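This report concerns only the one structure given below.
Protein chains: 2
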Amino acid sequence: MTETAMPSPDAIKVWARLMRVSRQLMERAEDALKEDGLPPLAWYDVLHELAEAGEGGLRPFQLIERTLFAQYNISRLLARLEADGLVEKLPVADDGRGQTIRITARGRETRRRMWAVYGRSIAELVGAKLSLDELSTVSALLGQLRHPPAAD
Amino acid sequence: MTETAMPSPDAIKVWARLMRVSRQLMERAEDALKEDGLPPLAWYDVLHELAEAGEGGLRPFQLIERTLFAQYNISRLLARLEADGLVEKLPVADDGRGQTIRITARGRETRRRMWAVYGRSIAELVGAKLSLDELSTVSALLGQLRHPPAAD
DNA sequence: TCTACATAAATGCAGTTGCATCGATATCGA
DNA sequence: TCGATATCGATGCAACTGCATTTATGTAGA
Numbered sequence: 095m096t097e098t099a100m101p102s103p104d105a106i107k108v109w110a111r112l113m114r115v116s117r118q119l120m121e122r123a124e125d126a127l128k129e130d131g132l133p134p135l136a137w138y139d140v141l142h143e144l145a146e147a148g149e150g151g152l153r154p155f156q157l158i159e160r161t162l163f164a165q166y167n168i169s170r171l172l173a174r175l176e177a178d179g180l181v182e183k184l185p186v187a188d189d190g191r192g193q194t195i196r197i198t199a200r201g202r203e204t205r206r207r208m209w210a211v212y213g214r215s216i217a218e219l220v221g222a223k224l225s226l227d228e229l230s231t232v233s234a235l236l237g238q239l240r241h242p243p244a245a246d
Numbered sequence: 095m096t097e098t099a100m101p102s103p104d105a106i107k108v109w110a111r112l113m114r115v116s117r118q119l120m121e122r123a124e125d126a127l128k129e130d131g132l133p134p135l136a137w138y139d140v141l142h143e144l145a146e147a148g149e150g151g152l153r154p155f156q157l158i159e160r161t162l163f164a165q166y167n168i169s170r171l172l173a174r175l176e177a178d179g180l181v182e183k184l185p186v187a188d189d190g191r192g193q194t195i196r197i198t199a200r201g202r203e204t205r206r207r208m209w210a211v212y213g214r215s216i217a218e219l220v221g222a223k224l225s226l227d228e229l230s231t232v233s234a235l236l237g238q239l240r241h242p243p244a245a246d
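Chains as they are written, first to last, in our numbering: chain A, 95 to 246; chain B, 95 to 246.
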């Protein structure tokens, strides 16, 4: 049986800062995109995965595994991306239920323009605030908090 | 002119883990509350601030300062809390525009029951994963990422 | 082969969020 | 004192989310 005592003040402080900082930074990054008339971060996540997947594309359920989106969320996000011509849906030969999602040239271009802004936000909000040593320390410690303790 | 180079791979990794870990942990904590039929975390944040404020209560705009909620969000959240009898709205003597929000006995009780679950989540998800040294290291480094670089 | 069950993806509905705006009161400057 | 401006909080509307369910196809066992 696992001990389930109440958290130490230090654990509470880490929790509070983690939640607060992640929300603040996310919001800053979203604002920067919005100011440039670009789509929200969620779009970037999907376009990024699809760009990495290349011409073969990905099945929606693979996107769910790779991102943190729920099934219904991916379903509707892909519908919006398709409506904007950033991805295309292809039938998949050996599974009549499914489809393969492939990024279009327009999708790659949008991703590129988003990265110009998003990357700058990351550089400013994280890269400029911590030394390389500190970055790798934080990265390792955050890695220990992953749940479930795996992938990345 | 500020240099706005693209982020280093280490900065990107910290960003990715920060966003991923915070979302995962938040979701776990929300799930735990839901399983016990308790209200969402947002309610806790507000009840917590109000409990700390004591009998004097707080004005809605003070809640906005202390939490990360938007004005319209607080407005509607308070309406729900009031509908559930967890807070009460009092007119404020020297400012006809405003009101003072005070937590009720029922509100304190709900907060207490939420903390039993929420606190356990924090203990399991953070306290059990890092040593005291690691906790204070993370806390300090996250502190450097605050934006704007202040309060907590 | 036929039935039961599992998986892929979409969708109806209710609740929530974001945005812009509004109504009301307060404050400040001429 | 009065008019312009600022602040407090609420709200209409459109978009988005979460949940449960649905539709369609695949798989496995009698």
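Each residue gets a CB set at the ideal place from its N, CA and C atoms; glycine is no exception. Please read these numbers as outputs of a predicted model, since none were measured by experiment.
Can a CB atom of chain B be found closer than 7 Å to the CB of residue i?
i: residue 104(A); result: yes
i: residue 183(A); result: no
i: residue 116(A); result: yes
i: residue 112(A); result: yes
i: residue 147(A); result: no
i: residue 249(A); result: Outside the shown range of chain A (95 to 246) lies residue 249(A), about which nothing can therefore be said.
Hey, residue i and residue j: beta-carbon distance below 7 Å or not?
i: residue 219(B); j: residue 122(B); result: yes
i: residue 174(B); j: residue 233(A); result: no
i: residue 105(B); j: residue 221(A); result: yes
i: residue 116(A); j: residue 230(B); result: no
i: residue 113(B); j: residue 213(A); result: no
i: residue 211(A); j: residue 139(A); result: no
i: residue 207(B); j: residue 179(B); result: no
Could you confirm whether any beta carbon from chain A is found closer than 7 Å to the beta carbon of residue i?
i: residue 186(B); result: no
i: residue 160(B); result: no
i: residue 202(B); result: no
With DSSP collapsed to three states, give me the class of residue i.
i: residue 103(A); result: helix
i: residue 185(A); result: strand
i: residue 86(A); result: Nothing in the structure corresponds to residue 86(A), since chain A is present only between 95 and 246.
i: residue 152(A); result: strand
i: residue 160(A); result: helix
i: residue 196(B); result: strand
i: residue 131(A); result: coil
i: residue 233(A); result: helix
i: residue 201(A); result: helix
i: residue 169(A); result: helix
i: residue 224(A); result: coil
i: residue 180(B); result: coil
i: residue 191(A); result: coil
i: residue 240(A); result: coil
Which whole-angstrom value describes the C-beta separation of residue i and residue j, a residue pair presumed to lie in contact below a C-beta threshold of 8 Å?
i: residue 172(B); j: residue 223(A); result: Wrong, their Cβ atoms sit about 34 Å apart, outside the cutoff.
i: residue 109(B); j: residue 197(A); result: Their Cβ separation, rounded to whole angstroms, is 22 Å, which puts residue 109(B) and residue 197(A) out of contact at 8 Å.
i: residue 181(B); j: residue 195(B); result: 5 Å
i: residue 135(A); j: residue 124(A); result: 6 Å
i: residue 118(A); j: residue 154(A); result: Actually they do not touch by this definition, with Cβ atoms about 31 Å apart.
i: residue 184(A); j: residue 151(A); result: 7 Å
i: residue 157(A); j: residue 143(A); result: 6 Å
i: residue 145(B); j: residue 205(B); result: 6 Å
i: residue 235(B); j: residue 228(A); result: 6 Å
Against chain B: residues of the region 223-242 of chain A by CB proximity under 8 Å: 223, 224, 226, 228, 229, 230, 231, 232, 233, 235, 236, 237, 238, 239, 240 and 241
The region 124-141 of chain A: positions lying closer than 7 Å to chain B by Cβ: none
Residues, ordered as in the chain, of the region 206-220 of chain B that lie near chain A by beta-carbon distance below 8 Å: 213, 214, 216, 217, 218, 219 and 220
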